[in-house]
Each structure stands twice: as C-alpha cells, then as structure tokens.
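Q: The structure follows.
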Amino acid sequence: MKRRKFIKKTALTGIGIAAGTVLSACNNNSEKTTSIHSTEEKNTMTNMRNQFPIAICTWAFTNANAKAGEELSNNKSALDAAISGVEVEEENLKNTTVGKGGAPDREGNVTLDACVMNSDGDCGAVVCVNTITNVAALARKVMEETPHVMLAGEGAEEFGYRQGFKKENLLTEASKRDWEEWKKSPEYKPIINIENHDTIGMLTIDKNGDIAGACTTSGLSYKMKGRVGDSPIIGSGLFLDNEIGGAVATGMGEEVMKTVGSFLIVELMRNGMSPQAACEEAIRRIVTKNKRHKDFQIAYIAINKAGDVGSYCIHEGFTYMKYQNGKNENIKSGFVLKTV
Ligand code: ASP
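For reference, each letter of the sequence shown is one residue, going 102 to 441 in our numbering.
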C-alpha cells in the first residue's frame, strides 16, 4: 500500500488525533514542562490533569487494568500502580502467556521477561527468569537497587532471592500437559490472536500527571531455549518519556525489536503526532518492509502527556483496556488486515 493511501486510510480510525495540538505546545517548549509560564499553557496543564489518573493495557486484561486504576485513584504513584496491575496477570495461573502458568520453552522451562520504566526515565529489566513469578517487581528492584538496567537468568534469580522474592516452580500441571501434547508434533506456528503470545504491557498516568509503565511476559510459547523477545527491551516492548508519553507493544517480538517500536512511537509523538497516528506509523514501517506480515500479529498502544490514547495492530482482533474516571473499558484497536 502506498504511504499516502495508508495514512489516509488509517487516519479515519484515529482515536486521539487532535492531541497533536497539545503535544506541539509541549514540544515547542524545549525546557522541562515545569518551565511553562503563560496562563494559557497553565490552563492547558490543568485541563490535562483533570483527566487523570488513566491506566491502559494491552488485550482484555480487565482485572489487571482495574487494579491499576484502583491504585491510581488511591493516590498511588504511576509506577506502583503499573506494577500492581500487571501482577494480577503474573499471578493468574490460567494465563498461559504471562507469569506463573505461562507456556514453557521447547525444553519445558517457563522463562519470564519483564521491564519497567518510571517518570524520571529510569528503567529496569529481567530476562529468562525461571523461578520468580513477579518479574515486573523484580525489574523494578534492578532499577532501584543495582547500578544496572538488565539482569538475566540465574543472576536475576539470585538477586531476586536476596531481595526477598520467593523461589517457585512456574510450570503448572496444565501448562505441562499442553507442552507434552505439543511435543508430539513440535512445530512452532503462531496463531494470530488465539495465542501463543499475549504480553501485558501497561501505561499509567497518576494524579500528578506522571507516566510510568511495565511490560511482562512468558514470551512466545515453545520458543527456543534462551530466546528473548521485545517485552523486556526498553525501547522495543516499552518506552516512555514523562514529557511526551509512552508506548507498549505486544505480538511477534522479533519484528518489534527490528523497528524499536515503542521508542519510535514516543519519538513520533515528540515530533507532533497523536498517539493514534504514531501507532499507525510504527505498524506501517513493519508491514511495508516485511512481506511475511500477514503471518504474525503486532499491536501497539500509546498515551501522550495530555492523556490521549491510540492503538493500532496488523490483524483485526486486538483490543486494549482503558481506565479513566472510574470506568474500565475494553476498546477495539484499529488494524491493517481484516480477519476473514
Ligand atoms: N512480545 C512478546 C514476545 O515476543 C509476545 C507477545 O506479546 O505476544 O515475547
């Protein structure tokens, strides 16, 4: 599809396109947002704050998003709320794509990846964690208690035990049974929207207007041993800038990493795009370059500093949650390819 045609088509599905105006106000201000002085700009900031708090997350993770919304309404920080929110799914044994009960790799090991980012621009991540459920909280500890950004495997686990995290077997009987069934004809075939994947990525804006995010997953089901996707990679699975907004991804992590999708979306918003237009452009970069895009799903959600939200994906069927003003709703994303 030609670029102009694509943009014209996708612009019709926009959710927060008008946000560009407010963003330009932020962008023109090369100093921190605290340097805003004019009455008009102060009013804009007040109006923006009136909409807060907000929580959004990938897929129909209703309880997780409600939890984040509740925490935000109780004056918790954006980061506390995002981590408490995603923990709901990390601890949900029925969810085979996040946390304990996640589908294992080809050898039968559940390995979890996660990252977090706060409004100061600090971040932390863990990859290939085999014995700890709450990996987003563990990623936060890496951010807060170490001089590093990312810890992997045993190093992350040993650090976690020292921080008081419990050692657990993450492979449930149900996930083990499914894996044993899969081993009978071990082919890796992603089923779009049905899932061998379903990361929870969450972005929160607290009552002060500060943004944070968390992204946590067991990765692709029956992945190769040692495989790490986009979800714990800052800039790919999650990125935010407290002056601009944030973005998170779900879907085929390899393709998100190749285009550094979440960072791209935040930079596009910095340059004036709405969250919706930025998500559409990030998806456009994938579908125009990758001939195999019909075979995998990728979805992005994004929020800007004004609280406008956008989302776009390759295949119809992706939805996301939005909590605002006490209402927690599931919203259909715009898409490139209609499911037949
Ligand atoms: N992005 C995740 C990964 O590639 C999986 C997903 O979100 O579906 O590990």
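Every residue, glycine too, gets a C-beta built ideally from N, C-alpha and C.
Measuring CA to CA, which of Leu438, Gly411 and Asn426 is closest to Phe397?
A: Taking only the C-alpha atoms, the option nearest Phe397 is Leu438.
Q: Could you check which residue in Lys308, Lys201 and Val243 has the C-alpha nearest to that of Ser174?
A: Selected option, being the one with the closest Cα: Lys308.
Q: Quick one, are the C-beta atoms of Glu74 and Lys242 less than 9 Å apart?
A: Outside the shown range of the chain (102 to 441) lies residue 74, about which nothing can therefore be said.
Q: Suppose only complete runs of 4+ residues qualify. What are the alpha helix (DSSP H) ranges in the stretch 312-396, listed by chain order?
A: Segments of the alpha helix (DSSP H) lying fully in the stretch 312-396: 354-360, 362-371 and 376-390.
Q: Kindly indicate the opening and closing residues of the alpha helix (DSSP H) around Phe436.
A: Per DSSP, Phe436 belongs to no alpha helix (DSSP H); it is in the beta strand (DSSP E), Gly435 to Leu438.
Q: So is the beta-carbon of Gly352 under 8 Å away from any non-hydrogen atom of the ligand ASP?
A: Flag set: Cβ of Gly352 near the ligand ASP.
Q: If you drop the 5 nearest sequence neighbours on each side, which residues of the same chain put their C-beta closer than 6 Å to that of Cys316?
A: Hits under 6 Å: Cys216, Gly302, Ser332, Gly338, Leu339 and Val349.
Q: Could you check if Leu321 belongs to the surroundings of the ligand ASP, using beta carbon to heavy atom distance under 8 Å?
A: Checking every heavy atom of the ligand ASP against the Cβ of Leu321, one is found closer than 8 Å.
Q: Based on Cα-Cα distance, which residue from Lys168, Gly256 and Ala161 lies nearest to Pro154?
A: Per the Cα distances, Lys168.
Q: So the alpha helix (DSSP H) Lys242 belongs to, where does it begin and stop?
A: Run containing Lys242: Val236 to Glu246, per the alpha helix (DSSP H) assignment.
Q: Could you check the C-alpha separation between Phe419 and Pro376 for me, to the nearest Å?
A: Rounded to the nearest angstrom, the two C-alpha atoms are 17 Å apart.
Q: On a CA-only basis, which of Ala379, Val367, Ser276 and Asn210 is nearest Asn527? Give me that one, please.
A: Only positions 102 to 441 of the chain appear in the structure, and residue 527 is not among them; the question remains open.
Q: If I follow the unbroken beta strand (DSSP E) through Asn405, where does it start and stop?
A: Its beta strand (DSSP E) spans residues Ile399 to Asn405.
Q: Please go through the same chain and pick out, in chain order, the residues whose beta-carbon is closer than 7 Å to the beta-carbon of Thr440, but skip the five residues on each side of it.
A: The residues are His416, Glu417 and Gly418.
Q: In terms of residues, what are the limits of the beta strand (DSSP E) holding Ser412?
A: Its beta strand (DSSP E) spans residues Val410 to His416.
Q: With hydrogens ignored, establish whether the beta-carbon of Glu355 is closer than 8 Å to any heavy atom of the ligand ASP.
A: Yes, since a heavy atom of the ligand ASP falls inside the 8 Å radius drawn around the Cβ of Glu355.
Q: What did DSSP end up calling Lys110 once you bin it into helix, strand or coil?
A: For Lys110, the pLDDT reaches just 34, beneath the cut-off of 50, and the residue's location in the model is therefore unreliable, although a value from the coordinates is still provided. Helix, per DSSP.
Q: Please determine, among Gly320, Thr197 and Ala237, the residue with the shortest C-alpha to C-alpha distance to Ala275.
A: Answer by Cα proximity: Thr197.
Q: Output the residue ranges of the alpha helix (DSSP H) runs that lie fully inside the stretch 176-221 and measure 4 residues or longer, sorted by chain position.
A: Listed in chain order, the complete alpha helix (DSSP H) runs (minimum 4 residues) inside the stretch 176-221 are 179-191.
Q: Could you have a look at Ile137 and say whether DSSP puts it in helix, strand or coil?
A: Because the pLDDT at Ile137 is just 39, under 50, the model does not fix this residue reliably, and the point stays unresolved.
Q: Would you say the beta carbon of Thr198 comes nearer than 8 Å to a heavy atom of the ligand ASP?
A: Indeed, a heavy atom of the ligand ASP lies less than 8 Å from the Cβ.
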